[in-house]
Amino acid sequence: MTAIIIFVFLFGYMCIALESVLKINKAATALLMCVACWTLFMVDPGQYFPEVAGMASDKASQLINEHLLLRHLGDAGEILFFLMGAMTIVEIVDANGGFNFVSDRLATRSKRKLLWRVAGITFVLSAILDNLTTSIVMVMVLRKLVRDPKDRLTYAALVILSANSGGAFSPIGDVTTIMLWIKGCITTTGVMSEVLLPSIVSVVVPTFLLQFSLKGKLPDGQHHSAKTHADEVVFSLWERNLVFFVGVGGLCFVPVFRFLTGLPPFMGILLVLGLLWTMTEIFYRNKLVDCSMKQRVTKLLSRIDLSTILFFLGILMAVGVLQETHVLTAFGQWLNEVSNGNHYLVTGVIGVVSSIVDNVPLVAGCMGMYPISTGDFAVDGIFWQLLAYCAGVGGSMLIIGSAAGVVVMGLEKITFGWYLKHFTWLAFVGYLAGMLFYAAEKALGL
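Under my numbering, residue 1175 is the last one in the sequence shown; the count climbs by one each step, no gaps.
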């Protein structure tokens, strides 16, 4: 039965990786894979869960549902509610003009200055927001700042690199770091203090090399302050800025909330969402109903990407089956033996693979393969920090290797071949430079 479960998982994984070819949404595949794996597990649960051996089928099912299925659902729910709350907060800020603050910081006619500003602001924003949302915001801003589509390709591609690197060092910057943080593999201070500089290096090196291909200034009329669809809202400037700082500042406060209260991170997200929701409702009390209703939170909730949420649910629950069948533990031991305990090799390969397939199931699999213990696998150990860096930054090597890359590819019509020719080598150089910097940090005891 274990072999059949593995086959179903691998087949589903392959269909997810070939989503663009099969034209089947990966969320649908993940949900089918999840249900199929758990159904196969229930055919003979006694070989994996000895406590139900010899029990009547109804009692065995009840015990497994309570002790296994609901436990994995609870673990997945922590991540999913966190993501849904964060997505809603970002939608509120965006719909009410909060991100106009970003466009004002970017405005310049110098192509090289704009390059560095785009890299810096994208890096910082993606550490607070998720890299997908940051990429969308930055592309929308770039469309107002750089009107020529050909000139904009370079900046848009740099957004992908910067967004993925910015999310790698922050516990709330990428789905993979959120998973590691909520699971307790990394801490806020640990990952930020030791992965921050390698992440910066992975952006600075490609940007430095890229600047030599840009010369001169943008044509007149291309560097004006950008405005979004939210300009239809009659919010004043101070109200928009307050929405931005409460929303973004609230996301930054979530790790502090967890430290102060001991409650899981999704509770902090719900606190921030409730405060921001209440604040915007107060602002809207004095606005005209016909010009503000579509920006209210009740309407914005329909914009949440539920297909992504369901994809994560399916993946995390399917990985839970592999964990309960001890497949991941055995594979982790084999991988450790083959690599001779070289964590840089293991995580480095995972980073490269994450540029081809989704990094969420890769990280979920690693969390199942290697339990938190001591040494390199302790909380904030080398393995977990390297995994956070490699899974995040590695996705930049191919444009299809991350959610940020896929969305920018669609928005700016960047071809796979163009990115492969002009940016893959830059991303790879930055990826290696960051890993070498991290190794130097550890060698010097920094």
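A virtual CB, placed ideally from N, CA and C, is assigned to each residue, including glycine. This one's a predicted model, so the numbers in the text were calculated from it and none came from an experiment.
field: Spatial distance of Ile-901 from Phe-974 (CA atoms)
entry: 17 angstroms
Touch test, the stretch 1084-1094 against the stretch 1123-1140, Cβ-Cβ under 8 angstroms, three pairs minimum: yes
- prompt: How about Ile-1111 and Lys-1171: do their beta carbons lie closer than 8 angstroms?
  reply: yes
message: With a threshold of 7 angstroms on Cβ separation, who are the neighbours of Val-932 within its own chain once the five nearest residues in sequence on each side are excluded?
response: Ala-848, Phe-852, Leu-890, Ser-891, Ser-894, Gly-1159
- prompt: Which runs of the beta strand (DSSP E), 3 residues or longer, sit entirely within the stretch 847-885?
  reply: none
- prompt: Tell me which same chain residues have a C-beta within less than 7 angstroms of the C-beta of Thr-916, skipping the five on either side of it?
  reply: Val-1108, Asp-1109
query: What is the DSSP secondary structure of Ser-839, counted as helix, strand or coil?
result: strand
- prompt: What is the rounded straight-line gap between the Cα of Val-1067 and the Cα of Ser-942?
  reply: 42 angstroms
field: Cutoff 8 angstroms; reference Leu-1064; Cβ partners in own chain excluding five residues on either side
entry: Val-1075, Met-1098
field: Other residues of its chain near Ile-865: CB distance less than 8 angstroms, five sequence neighbours each side excluded
entry: Val-1136, Leu-1140
task: Would you mind sorting Met-730 into buried or exposed? The rule is 16 or more other CB atoms within 10 Å of its CB.
output: exposed
task: From the DSSP output, in three-state form, read off Lys-946 for me.
output: Under the three-state reduction of DSSP, Lys-946 is assigned to strand.
field: Residue from Lys-946, Met-1164, Tyr-1167 whose Cα sits closest to the Cα of Ala-836
entry: Distance from the Cα of Ala-836 is smallest, within the candidate group Lys-946, Met-1164, Tyr-1167, for Lys-946.
Straight-line Cα distance separating Ala-1093 from Lys-1028: 33 angstroms
Beta-carbon proximity of Ala-1120 to Asn-860, cut-off 8 angstroms: No. Outside cutoff.
query: Thinking C-beta only, is Ala-1162 closer than 8 angstroms to Val-1176?
result: The chain is shown from 730 up to 1175; residue 1176 falls before or after that span and cannot be answered.
- request: Could you tell me the distance, in whole angstroms, from the CA atom of Ile-911 to the CA atom of Asn-794?
  value: 23 angstroms
field: Boundaries of the alpha helix (DSSP H) in which Val-1056 is found, first to last residue
entry: 1056-1067
message: If you follow the alpha helix (DSSP H) that Gly-741 is in, where does it begin and where does it stop?
response: Counted as a single uninterrupted DSSP element, the alpha helix (DSSP H) harbouring Gly-741 occupies residues 731-746.
- prompt: On the three-state DSSP scale, how would you describe Asp-773?
  reply: Coil at Asp-773, not helix or strand.
query: Can the beta-carbon of Thr-758 be found less than 8 angstroms from the beta-carbon of Gly-741?
result: yes
- request: Could you pull out every unbroken alpha helix (DSSP H) segment of at least 4 residues lying fully inside the stretch 976-1039, listed in chain order?
  value: 994-1013, 1018-1021, 1026-1029
query: From Met-1178 to Phe-988, what distance separates their C-alpha atoms?
result: With the chain covering 730 to 1175 only, the question about residue 1178 has no answer from this structure.
query: Hey, out of Val-888, Ile-907, Ala-1059, whose CA is closest to Ile-1143's CA?
result: Val-888
query: Run through DSSP, which three-state label would Asp-903 get?
result: coil
- prompt: Helix, strand or coil for Leu-751 per DSSP?
  reply: helix
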